[in-house]
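J.: In order, the protein sequence lines correspond to chains A and B.
First residue of the first sequence? That's 1 in my numbering, and the numbers climb one at a time after it.
First residue of the second sequence? That's 1 in my numbering, and the numbers climb one at a time after it.
This is the structure I want to talk about, given as structure tokens.
Protein chains: 2
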Amino acid sequence: MLCEIVAVGTELLLGQIVDTNSAWIGEQLALSGIDCHRHTAVGDNRERMMAAFCEALDRADAVIVTGGLGPTQDDITREVVAELMGVTMERDQELVDRIEARFAGRGRKMPANNLRQADVPVGATTMSELPGTAPGLICPVGDKVLYTVPGVPWEMKEMLEGSILPDLRRRAGAVSVIGSRTLRTWGQSESGLAEMLADEIDRLDLEGGSTLAFLASGMEGLKVRITAKAATSVEVEAILDDEEARVRGVIGPIVFGMDGANMESVVLDELVAQGLTLATAESLTGGLIGSRLTDVPGSSRAFRGSVVAYAGDVKRQLLGVPEGPVVSEEAVSAMATGVCRVLGADVSVAVTGVAGPGPQDGQEPGTVWMATCVDGEVEAVRVLFPFDRVRTRQFTVISVLNLLRLRLEARRGG
Amino acid sequence: MLCEIVAVGTELLLGQIVDTNSAWIGEQLALSGIDCHRHTAVGDNRERMMAAFCEALDRADAVIVTGGLGPTQDDITREVVAELMGVTMERDQELVDRIEARFAGRGRKMPANNLRQADVPVGATTMSELPGTAPGLICPVGDKVLYTVPGVPWEMKEMLEGSILPDLRRRAGAVSVIGSRTLRTWGQSESGLAEMLADEIDRLDLEGGSTLAFLASGMEGLKVRITAKAATSVEVEAILDDEEARVRGVIGPIVFGMDGANMESVVLDELVAQGLTLATAESLTGGLIGSRLTDVPGSSRAFRGSVVAYAGDVKRQLLGVPEGPVVSEEAVSAMATGVCRVLGADVSVAVTGVAGPGPQDGQEPGTVWMATCVDGEVEAVRVLFPFDRVRTRQFTVISVLNLLRLRLEARRGG
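Structure representation (structure tokens):
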């Protein structure tokens with residue numbers, strides 16, 4: 001089963017929005033064992049849409065079209081698909097009622113424009129999901145199929161999961177299953193990881209079937225993704241278990257989490273498990289550490305708060321940082337103990353440094369002092385990041401939380 | 001002049017990374033007056049790459065290929081392009097020297113693998129930029145041209161700006177110029193803006209040439225983008241001036257910034273202009289307001305710091321919030337005055353609320369109290385956001401900063 005994706009929208013070609021839909025759909029297809037060899041983006045233009053749809057249908061068994069289903073005159077996906085099917089459009093009264101009900105649910109009357117969204121090519125089936133006002137359509141073309149879904153990501157996702165993937169799987173019959181597992185790491189570069197795992201990559205290349213891939217994801221860590229393909233999901237899980245054990249055998253110490261678990265959630269879980277509360281003292285990150293921690297629902301179980309001491313005298317007055325340079329071991333250590341005292345927390349992390357672009361107090365950009373305070377004991381380290389302002393701040397966040405994670409793990413073990 | 005973009009990489013099809021390159025290149029082409037009708041993504045596969053390159057060259061005058069220029073065996077863009085040109089590859093000794101120098105600059109020896117990156121199809125020209133180790137190539141195909149650049153965004157961008165756009169403009173001769181201007185707004189929905197500007201949109205539709213587009217961008221505001229096309233950049237600027245004046249005549253009061261100026265930078269500039277310092281007191285945002293403010297280089301001229309009071313007793317002890325509910329007018333007002341006192345700031349913003357997913361203290365998710373303190377006077381408002389946790393936090397940030405902006409503007413005017 002081969003499926004292509006065509007994204008419709010002049011705004012995509014002009015770069016006014018980035019096409020995240022095709023990447024997401026591509027991932028879902030891969031996870032369902034359906035091959036996808038091409039993504040295409042075209043503008044809201046009848047001839048060029050027709051050409052893209054026909055070419056994709058020539059190459060593949062199924063085509064997923066996103067976008068061009070809105071209520072305005074430039075939304076012409078419905079018309080183009082009807083022409084491609086060689087049929088006319090008919091207004092679907094049941095669909096009119098459902099769209100009217102969507103508006104009524106928000107206390108509004110349906111504008112006349114939206115009636116266009118109830119026009120369906122004869123022979124097409126309407127998907128049962130209707131999260132917005134644009135219906136998704138299943139359009140048979142000979143023995144192939146073309147699906148149209150809205151470009152709004154959450155509407156598209158509901159229809160892909162609810163209607164398209166089940167329909168594709170049914171058409172494909174028994175397909176092979178692809179599964180993947182992601183180990184999140186911190187402490188090695190991408191090329192460093194590749195070197196450490198070179199033998200394992202060679203072994204998988206020879207065997208075929210499974211693959212290892214690396215993906216640097218900023219504050220989300222450096223991901224090692226294991227992908228396996230087999231006849232059943234039970235077999236896939238067995239392969240993944242085996243491969244995960246092999247990979248952990250090589251890089252285990254720098255793996256901090258799996259799949260959706262980022263550094264913040266891993267640290268918060270460990271704090272909750274040990275019954276500890278956390279405070280942060282931030283300078284160059286300006287609140288980013290606290291912001292990331294509180295992105296995690298339920299973070300209030302362990303996180304008490306932060307003091308963002310951006311100005312030098314705030315560091316001194318509120319956190320008790322001594323006179324002298326504010327990017328120093330003395331300063332960051334005082335911040336770590338000070339914030340535990342001020343916010344009444346058991347443990348803390350503290351950071352002070354030069355985010356850039358320029359130097360500060362004679363220190364070059366990228367210079368960062370980080371400290372952790374656990375059971376009243378402070379440990380501090382100095383790092384020099386070779387990055388711009390944004391990445392220096394991001395790498396500071398994950399690095400200092402990783403230092404805390406390692407200390408908390410040692411504390412639990414000891 | 002018609003140009004297409006082809007992105008190469010199986011990781012794009014699998015959704016492991018999102019293709020931001022094509023969007024960025026699309027925008028640059030539009031701004032240079034070069035039409036682009038299609039973006040394509042294909043995997044690292046010889047036949048499918050060849051098909052995509054040939055089809056794109058059939059339709060367009062020029063094709064920009066990103067990716068597949070790395071040093072490993074699966075990077076085959078060079079080979080496929082040579083085959084398409086009907087030529088062999090030759091190792092370019094000058095390029096070998098330049099790549100070796102890149103490694104030497106980082107204190108490393110060039111691995112043998114990287115020699116492949118110095119193989120160039122006969123007849124192709126090497127671009128002068130070499131930010132990484134993958135050279136960009138200009139490959140003539142009959143009277144058309146194919147450019148290959150690496151998939152690493154910053155390497156690609158340097159080559160696009162330095163070599164490809166100048167080459168395309170030269171080939172195109174006198175092209176029409178496209179320009180755009182973005183007004184950033186806060187305080188109206190997308191459909192509300194569209195209704196307010198309906199007459200202007202109709203007028204532009206009738207005239208042709210210029211367009212208005214809306215783009216909701218979360219914390220970056222709701223953008224109104226004016227695009228104009230004319231023979232010269234002077235004419236384009238005149239049309240944009242005229243159109244901007246018309247649009248501001250209708251929605252002026254909710255425009256907070258232009259183009260790259262986000263809410264944080266606008267507020268910081270206004271604080272610096274009035275000689276005021278700022279502190280923030282954050283609960284549900286957890287540090288996100290401070291983090292966004294300190295994303296702006298030079299924010300230390302006005303920003304003193306934050307107290308992130310996530311736990312209830314931190315709000316009371318450190319900021320002087322009275323006993324009683326912490327999501328209330330009394331609490332947020334005390335936070336706003338308290339943080340001015342604690343951090344020694346002239347003005348402040350404060351937020352407390354329920355980010356969700358669940359309710360808290362009998363308040364439903366999305367309930368947010370926001371306050372601003374200017375010249376010792378506090379103003380507080382309550383909002384109920386119909387969003388998830390992430391968007392509730394983001395909309396809180398831009399909303400409270402917008403409240404401060406309006407008070408600062410009134411202060412300057414009065």
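All C-beta atoms in this analysis are idealised placements derived from N, C-alpha and C, irrespective of residue type, glycine included.
Quick caveat: nothing in here was measured; it's all calculated off a predicted structure.
Consult DSSP for Ala418/B and reduce its assignment to one of helix, strand or coil.
T.: This structure cannot speak to residue 418/B, because chain B is shown only from 1 to 414.
J.: Any Cβ of chain B within less than 8 angstroms of the Cβ of Pro253/A?
T.: Position 253 of the first sequence, counted from the start, is the residue given in the question as residue 253/A. Pro253/A is outside the set of residues whose beta carbon lies under 8 angstroms from a beta carbon in chain B.
J.: Need the endpoints of the alpha helix (DSSP H) that Ser265/B sits in, please.
T.: For the purposes of this step, residue 265/B is taken as the residue at position 265 of the second sequence. Run containing Ser265/B: 263 to 274, per the alpha helix (DSSP H) assignment.
J.: How is the beta strand (DSSP E) around Thr222/B delimited, first residue to last?
T.: Here residue 222/B is taken as the residue at index 222 of the second sequence, counted from 1. For the record, residue 222/B in the displayed sequence is Leu; it is not Thr. It spans 222 to 230 - the beta strand (DSSP E) in which Leu222/B sits, taken as one unbroken run.
J.: Any C-beta of chain B sitting closer than 8 angstroms to the C-beta of Ala213/A?
T.: As a position in the first sequence, residue 213/A is number 213, starting the count at 1. So yes, Ala213/A belongs to the interface.
J.: Run through the DSSP bridge pairs and tell me what Cys373/A is partnered with.
T.: As a first step, residue 373/A must be located in the first sequence, where it is residue number 373. According to DSSP, which records beta bridges pairwise, Cys373/A is partnered with Ser348/A, Val378/A.
J.: Taking its Cβ as the centre, do 16 or more other Cβ atoms sit within 10 Å of Pro166/B, making it buried, or is it exposed?
T.: Within the second sequence, numbered from 1, the residue matching residue 166/B stands at position 166. Classified as exposed, Pro166/B has fewer than 16 neighbouring CB atoms from the shown chains inside 10 Å of its CB.
J.: Grab me the residues of Ala350/B's own chain with a C-beta within less than 6 angstroms of its C-beta, minus the 5 sequence neighbours each way, in chain order.
T.: By 1-based counting over the second sequence, the position of residue 350/B is 350. If we look at Ala350/B and ignore the five residues flanking it on each side, its Cβ neighbours are Ala281, Val332, Met335, Ala336, Ala371.
J.: Could you check the C-alpha separation between Cys36/B and Ala41/A for me, to the nearest Å?
T.: Numbered from its first residue, the second sequence carries residue 36/B at position 36. Numbered from its first residue, the first sequence carries residue 41/A at position 41. Put simply, the backbone Cα of Cys36/B is about 10 angstroms away from that of Ala41/A.
J.: Using the beta-carbon of each residue, which ones in chain B are nearer than 8 angstroms to Pro357/A?
T.: Reading the first sequence from its first residue, position 357 is the one you call residue 357/A. Here the neighbours are Pro297.
J.: Using a Cβ-Cβ cut-off of 6 angstroms (strictly less than) and excluding sequence neighbours within five positions of Glu4/A, which residues of its own chain qualify?
T.: Locating residue 4/A in the first sequence gives position 4, where the first residue counts as 1. Contacts found: Arg38, Ala56, Ala60, Val63.
J.: Short of 8 angstroms in beta carbon distance, which residues of its chain neighbour Ile482/B, apart from the five on each side in sequence? Order them along the chain.
T.: Shown here, chain B extends from 1 to 414; a query on residue 482/B therefore has no answer.
J.: Among residues of its own chain, excluding the 5 on either side of Gly356/A, which ones have a beta-carbon nearer than 7 angstroms to its beta-carbon?
T.: One-based indexing of the first sequence puts residue 356/A at position 356. Pro365, Gly366, Asp388, Arg389, Thr392, listed in sequence order.
J.: Tell whether a beta-carbon distance below 8 angstroms holds between Met219/A and Val397/A.
T.: Residue 219/A sits at position 219 when you count from the first residue of the first sequence. Residue 397/A sits at position 397 when you count from the first residue of the first sequence. A contact, by the Cβ cut-off of 8 angstroms.
J.: For Gly151/B, which residues in chain A fall below 7 angstroms Cβ to Cβ?
T.: By one-based count along the second sequence, residue 151/B stands at place 151. Neighbours of Gly151/B on chain A: none; closest Cβ ~13 angstroms, over 7 angstroms.
J.: Establish whether the CB of Gln363/A and some CB of chain B are separated by less than 8 angstroms.
T.: For the purposes of this step, residue 363/A is taken as the residue at position 363 of the first sequence. Gln363/A does not count as touching chain B.
J.: For the alpha helix (DSSP H) that contains Met196/B, what are its first and last residues?
T.: Within the second sequence, residue 196/B is the residue found at index 196, counting from 1. That run of the alpha helix (DSSP H) goes 190 to 196.
J.: Using DSSP with H/G/I as helix, E/B as strand and the rest coil, what is Arg171/A?
T.: The count along the first sequence starts at 1 and reaches residue 171/A at position 171. Three-state result, Arg171/A: helix.
J.: DSSP three-state label for Lys109/B, please.
T.: Working through the second sequence from its first residue, we reach residue 109/B at position 109. Looking at Lys109/B - three-state DSSP - the assignment turns out to be coil, as it is neither helix nor strand.
J.: Below 8 angstroms on the Cβ atoms is my contact criterion, and I expect Leu284/A with Gly353/A to pass it. Report the Cβ-Cβ distance as a whole number of Å.
T.: The residue given as residue 284/A occupies position 284 in the first sequence. The residue given as residue 353/A occupies position 353 in the first sequence. Indeed, because the Cβ distance is near 5 angstroms, the residues count as touching under 8 angstroms.
J.: Can you tell me whether Ser399/B is buried or exposed? The criterion is at least 16 other CB atoms within 10 Å of its CB, across all chains shown.
T.: Taking the first residue of the second sequence as 1, we reach residue 399/B at position 399. Here Ser399/B is buried: its Cβ has 16 or more other Cβ atoms, across all protein chains shown, within 10 Å.
J.: Taking C-beta pairs closer than 7 angstroms, name the residues in chain B that Cys36/A reaches, listed in chain order.
T.: Position 36 of the first sequence, counted from the start, is the residue given in the question as residue 36/A. Simply Leu13.
J.: Note down, in chain order, every chain B residue with its Cβ under 7 angstroms from the Cβ of Thr372/A.
T.: Taking the first sequence and counting its residues from 1, the one referred to as residue 372/A is at position 372. The contacting residues do not exist; Thr372/A stays about 18 angstroms from chain B at best.
J.: Can you list the residues of chain A that Tyr310/B reaches, using a CB-CB cut of under 7 angstroms?
T.: On the second sequence, residue 310/B is found 310 positions in, with the first residue counted as 1. Those are Thr294, Ser300, Phe303, Arg304, Gly305, listed as they occur along chain A.
J.: Is there a Cβ of chain A sitting closer than 8 angstroms to that of Gly443/B, yes or no?
T.: Lying before the first or after the last residue shown, residue 443/B is absent from chain B, which here runs from 1 to 414.
J.: At the 8 angstroms Cβ level, is Gly179/A part of the contact set with chain B, yes or no?
T.: As a first step, residue 179/A must be located in the first sequence, where it is residue number 179. Chain B contact via Cβ: absent.
J.: Is the number of C-beta pairs between the region 18 to 38 of chain B and the region 85 to 97 of chain B that are closer than 8 angstroms three or more?
T.: no
J.: Which residues in chain A sit within 9 angstroms of Glu27/B, going by Cβ to Cβ distance?
T.: Translated into the one-based positions of the second sequence, residue 27/B becomes position 27. Within chain A, the residues near Glu27/B are Leu14, Gly15, Gln16.
J.: Does any C-beta atom of chain A lie closer than 8 angstroms to the C-beta of Val42/B?
T.: Residue 42/B sits at position 42 when you count from the first residue of the second sequence. Output row for Val42/B: interface = yes.
J.: Hey, out of Asp241/A, Val152/A, Glu129/A, Ala134/A, whose CA is closest to Arg181/A's CA?
T.: As a working mapping, residue 181/A is identified with position 181 in the first sequence. Closest option to Arg181/A, Cα to Cα, is Asp241/A.
J.: Kindly say whether Arg169/A, judged by its beta-carbon, lies nearer than 8 angstroms to any beta-carbon of chain B.
T.: By 1-based counting over the first sequence, the position of residue 169/A is 169. No, its Cβ sits nowhere closer than 8 angstroms to a Cβ of chain B.
J.: Just to make sure I have the definition right: I need the residues of chain B whose C-beta is within less than 9 angstroms of the C-beta of Ile201/A. Which are they?
T.: Here residue 201/A is taken as the residue at index 201 of the first sequence, counted from 1. By Cβ distance, chain B contributes nothing, its closest Cβ being about 11 angstroms from Ile201/A, past 9 angstroms.
J.: In its own chain, which residues sit with a C-beta less than 6 angstroms from the C-beta of Val383/A, not counting the 5 before and 5 after it?
T.: Translated into the one-based positions of the first sequence, residue 383/A becomes position 383. These residues qualify, in order along the chain: Val368.
J.: Can you pull out the residues from the region 97 to 123 of chain A whose beta carbon lies closer than 8 angstroms to at least one beta carbon of chain B?
T.: none
J.: Quick one: what does DSSP say Ala3/A is sitting in, helix, strand or coil?
T.: In the first sequence, counting from the first residue as 1, residue 3/A sits at position 3. According to the sequence displayed, residue 3/A carries Cys and not Ala. Correct three-state label for Cys3/A: strand.
J.: Quick one: Cα of Ala261/A to Cα of Val296/A, how far?
T.: Taking the first sequence and counting its residues from 1, the one referred to as residue 261/A is at position 261. Taking the first sequence and counting its residues from 1, the one referred to as residue 296/A is at position 296. Using only the alpha carbons, I get a separation of about 10 angstroms.
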